[in-house]
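Residue numbers (our numbering), protein chains in the order written: chain F, 29 to 787; chain P, 29 to 787.
Where a beta carbon is used, it is the ideal one built from N, C-alpha and C, also for glycine.
This report refers to the structure that appears directly beneath it.
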């Protein structure tokens, strides 16, 4: 086991001569192991500082970052600092001040190294001594909301953030301090600080969760900076405790830990990352966890290169960089999977580290340089230097995001996220595991983007991060009562109850399964998945297809959802289109005043504004968003109901966004088949006032065959073109030939699906 | 009178030697009068063509426009054209095809002249002959909605558009045609076409209205192209009719004509334009009318320079260019005054003409070049050449939009629009006349923009121009029942009835009046106006101030509305903030399901979502829009009511946008004083998740003095700064010293208002 090897490995001074590795695509930076007393060594290295100083003034993106960092830090130095007694939640003064302090200390430490100007070291030193003076006197933070309250902040999570940054600052000014000074800081501040977030809060530290990742990294970083093997062991293996309670949960309702579960840094790499580098909590939290994962890995690699942390689990940390970037839309914003705030993107500072570390330690992939160039910023360290040099030398290539399936689960066998990219369309189809405490009950849900604009939305989370006015910037109660519920997503809801009864315990035991993911043919990309546990006794099979056809301006989406149950149920399939309704082809009865749609499971937050009992013809909804025209066409069966709804009921504090949905409802049926298309077909200009192709291309879609084995859908355009898509509902991997007769025509094919223009 | 002079002026050939006028700021292009048989002469001139040909390839913006025009026309020529039998409303095939035809003909004519390639002339000729063949056989357009149905289109307005463009095409290929061919076109097509929109539709042609402007320009352009003096007289003076009905109205409810009103082109310049160049219908329609005004003026100037059309009414047509550009926000989008669709901007093609003509005929103002540069397009004629050369020579200067008051009314004495610009804030305050049939009942309303984003919105119109799905792209019934009503605006509504009883007849008789407009001090800009007719017996006086103070990040707005009535009333003051509510400082009772707010005058379209009886303290509404934090603070009096409402009731076709409002309501009072501030004070980044200055700077605002003569408001910041603003409610032009005592302090000043930091 690697950890034992590490402990055995007690040689203090080892010089491994630098081996230049120049493999084009996947070289690993082999770092020289240092004397442990040589500083800086965590993120900046002595050699790195030397190289940076040699290149300054000739590496534009680095120089620019350096200048803006200097400006920020100089302004702070001239203002002076404050170390207030902790009091507030996020958004409040003491919270924001301590947060600013660690950010500025880290930057000042770096400036001290690069610019060799003692004023920066002094600033860090003075602030650290102020912390060292006050920290021992502070009680547990007065705000009670967290399951693991910090001392500087209301939760240990933020205390860990502080230590991750401050460790770097300490490493940078290490040699500026006297041994006596170091001893004071380590004894009065760093060790008790590390103990508090680990020993004193095992419910926080001993987890597999992004909280613990921060905690592990924090303790690990300060351990490496102080050469403290005991703390390093704790970071890697967790803290030993006797009284472990397997039923304990955190504030988000997530379990603290499963019995017997491994803990510590590597456990946090092992479990949440799939072999593809997908992080089970989703990209919003991967972005957040990415920094401690990679910054600690970088430090660990720099100081203990023989441990080859970046090769761990088939280089999963490096793969995660690629996975994370692939989980963004055309604007670089993360897809909304599980708890996630809209607008978060690869322009976030933690992604600058992610990209730079990924480049420097992951074989200098030139595509990463194009992302770094857009970020227009690099880290002020060895990795950032490598990126700056790469850009300067014009090595960058476009980062091309293709259709991709990213498996979920430690072994990659717990479902996946399927992303279909075709033209300007990005379809995100979710058939993953639950995603720990940040998971939503939204198996087989999807979202659709065009040019980076959400067209069919995932609501995201009910939280305004760091906006104190909204519940202290923390999760709002509507996150539980609305955002996590199934009806808040574009997926099936049975009998107005959320999947897995809306229970984390149940949801966490299951995952959906990939049925097909085939994107070989750019014009016909298919993602298909099955969910058999969300509603016991009911099997759901959804197939999403993007079809590129010359008769359509843009690729369109075909969506087939097959539901089979052994009991009669009501099925609701919501469709959260964004934009303004232009037209429907069905008459609806608009209520004089809206009614609340239901009592629980999120339904209590939806207003019913209008409804219609449809007659078995296709229904069409035509809308305008962002000066583009879209149409949703759906096959209906007699007595299906279409409900036009709006989010916002039972929302006393205006926490929710009052956005629309169309719900297709089938009552009292065992089996159900939902088939629909989504087209982006036209444009509008408010400047020329010209509407182009404002109507759907499609005349009719029809289910022409439906059995246990096969489902066939025919799509007729207004121009008279007819095409057919057939999916084999069972046994996707069947080797032989499929053959069925539909309307006296025989269709034969090999593979799990068939598509052809038939007229 | 100028028109008589014109008719006397019968000399056919006059050569006035070109006089080069090189006055820096206000030169007028003196054009050589041409032989009337020399073509082209309307927009392109023979000399212009020569100059263009000489410069081609060396004038980038012109070359670019030429290349893209050529691409469009070549594509059309290779596709071939269609002249379908008229059938559809706008958005439909025949409408859009005829529209495309005139646009392409005009371009092809220009290309023929510039590129000297006969294929373009042939294309125009063939299409014109097809029209000449069919036009005489067409009945009146089958769609019945217009008060003046066209033949090619559903309304004479669009037929006039056709003729304005086609006259230019005809002028360009005039010399390509044989005399016989010209005779055929003129006899079978142009003369009957001109007769139909004038003689046969005097209710359309004999008006003062943008419709008539198009009609007059159309007949005038073809008259100039054909040298037809009788038609030119008709364009300038209207058509003689005997059976004039003064009670007749158009589809928008506007009167056709007042008895005894002058008609024809110059009457349309005289009446709607104020001496400042403000067009009474508002900028959206000015943009639309601008093209026929200026294109006809250009042709008239080119052919009859001795008439000095651009000098008419103290150069009002040239002033209108400047006025129109000043009526745009930071993004170049027109302010929403009266009927107006959001998003229309100076990037509209008609503004390219407007800017180029304004530059060429208005003294080569270098600021216009910077607008032309942003438009990245010029007209392919003499004016466009002048602009292209100006840009090439680097003459452009920034077009700086300052605070400005633009008077309304033919004589500039019917109120005004006051625009206060301070920092990134633009405040549009409306105290105009009614604005003809496109007017809204919104005296003393305002809107607020920051960086071109609407913060406090004017709803605009209920229409989706050219989007057939929405009522054929025409005005929707909600435009009358909602958009025009007072409650749809940020202004006072008495007893839930619109101003002027919501009646056009009454509204058209009155206008508000400027009381103060003083923007000399950039840090303290004041616009104040009075309205005494909207509700008989009630006087309304609103004062809007922008204040720049170092304690605030951005300038803030102080709004004081004084209402005095001789009867007890209910007063509602709505506040249409855009964005998401973060927090209010008052408790409100959110209804389980929304209720409809009222029965008529637009109230039937508002849902009441929540309400609060406030206690006389300041109320505060803090919201987030476009990642900026705003706060509205308002003085309240005991038992005032705050209503949170949403647009969308009684909207069976989802024609309305479901946006929010806060209504401050005072019941059963004769006099009322509404005082509030609007601050833009903070920012949020979803990428860094940092909220900066998310709360209001203001601790309290208080009315510290209020009499018939003076109102004083004190504003205290959270940092303890106190300032006072005093307005003299009567006699703004008083020369002597004002003096009042407030809380034992004596304030003395000269002028209609006073502002000072007092502590």
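- Contact with chain P is absent for residue 758(F), since none of that chain's Cβ atoms lies less than 8 Å from the residue's Cβ.
- Between the region 177–196 of chain P and the region 127–137 of chain P there are three or more inter-stretch CB-CB distances shorter than 8 Å, so the stretches are counted as touching.
- For residue 140(F), no beta strand (DSSP E) encloses it; the enclosing alpha helix (DSSP H) starts and ends at 121–143.
- Measuring C-alpha to C-alpha distances from residue 416(F) to each of 394(F), 429(F), 236(F), 437(F) identifies 394(F) as the nearest.
- In terms of CA proximity to residue 786(F), 745(F) leads the group 763(F), 755(F), 745(F).
- When the beta-carbon positions are compared, residue 375(P) and residue 368(P) stay at least 8 Å from each other.
- The Cβ atoms of residue 633(F) and residue 579(F) lie no closer than 8 Å to each other.
- Cβ-Cβ separation between residue 459(F) and residue 309(F): approximately 16 Å, too far for a contact (criterion under 8 Å).
- Burial check for residue 319(F): the Cβ neighbour count within 10 Å reaches 16 or more, so the residue is buried.
- Between residue 261(P) and residue 69(P), the gap from beta carbon to beta carbon reaches 8 Å or more.
- Under the three-state reduction of DSSP, residue 169(P) is assigned to coil, being neither helix nor strand.
- The beta carbon of residue 671(P) does not come within 8 Å of any beta carbon belonging to chain F, so the residue lies off that interface.
- For a cut-off of 8 Å, the C-beta gap from residue 647(F) to residue 670(F) is around 6 Å, short enough to register as a contact.
- Here the region 639–646 of chain F does not lie against the region 476–486 of chain F, with fewer than 3 beta-carbon pairs under 8 Å apart.
- Its chain contains 435 as the residues whose beta carbon lies nearer than 8 Å to that of residue 441(P), once the 5 sequence neighbours on both sides are disregarded; these appear in chain order.
- Boundaries of the beta strand (DSSP E) around residue 658(P): 656–662.
- Take residue 166(F), set aside five residues on each side of it, and the residues of its chain with a beta-carbon closer than 8 Å to its own are 113, 114, 179, 180, in chain order.
- Within chain P, no residue has its CB atom less than 9 Å from the CB of residue 107(F), the nearest being about 15 Å off.
- Residue pairing by DSSP places residue 651(F) opposite 609(F), 658(F) in a beta bridge.
- With respect to the 8 Å criterion, residue 72(F) and residue 160(F) are not classified as neighbours on the basis of their beta carbons.
- For residue 369(P), the nearest beta carbon of chain F is closer than 8 Å to its own beta carbon.
- For residue 716(P), the chain F residues whose C-beta falls within less than 8 Å of its own C-beta are 376, 377, listed in chain order.
- Look at residue 239(P) here: in three-state DSSP terms it is helix.
- Inclusion of residue 372(F) and residue 315(F) in the CB contact set at 8 Å is warranted, their separation being smaller than that value.
- Counting the other Cβ atoms within 10 Å of the Cβ of residue 201(F) gives 16 or more, which makes it buried.
- With respect to residue 702(P), residue 589(P) sits close: the two C-beta atoms are nearer than 8 Å.
- A residue is called buried once 16 or more other Cβ atoms fall within 10 Å of its Cβ, and residue 523(F), having fewer, is exposed.
- Here DSSP, grouped into helix, strand and coil, assigns residue 416(P) to helix.
- Looking only at 286(F), 615(F), 595(F), 710(F), the smallest Cα-Cα distance to residue 699(F) is reached by 595(F).
- A straight line joining the alpha-carbon of residue 607(F) with that of residue 720(F) spans about 17 Å.
- Excluding its 5 nearest sequence neighbours in each direction, residue 598(F) has C-beta neighbours in its own chain below 6 Å: 523, 695, listed in chain order.
- Rounded to the nearest angstrom, the Cβ distance from residue 574(P) to residue 585(P) is 6 Å, consistent with a contact under 8 Å.
- The region 215–285 of chain P is shown to contain whole alpha helix (DSSP H) runs of 4 or more residues at 219–225, 230–233, 238–254, 257–265, in chain order.
- Annotation: the continuous alpha helix (DSSP H) that includes residue 82(F) extends over 74–83.
- The shortest C-alpha to C-alpha distance from residue 305(P) to any of 432(P), 203(P), 213(P) is the one to 432(P).
- Contact of residue 621(F) with chain P is assigned, a C-beta pair being separated by under 8 Å.
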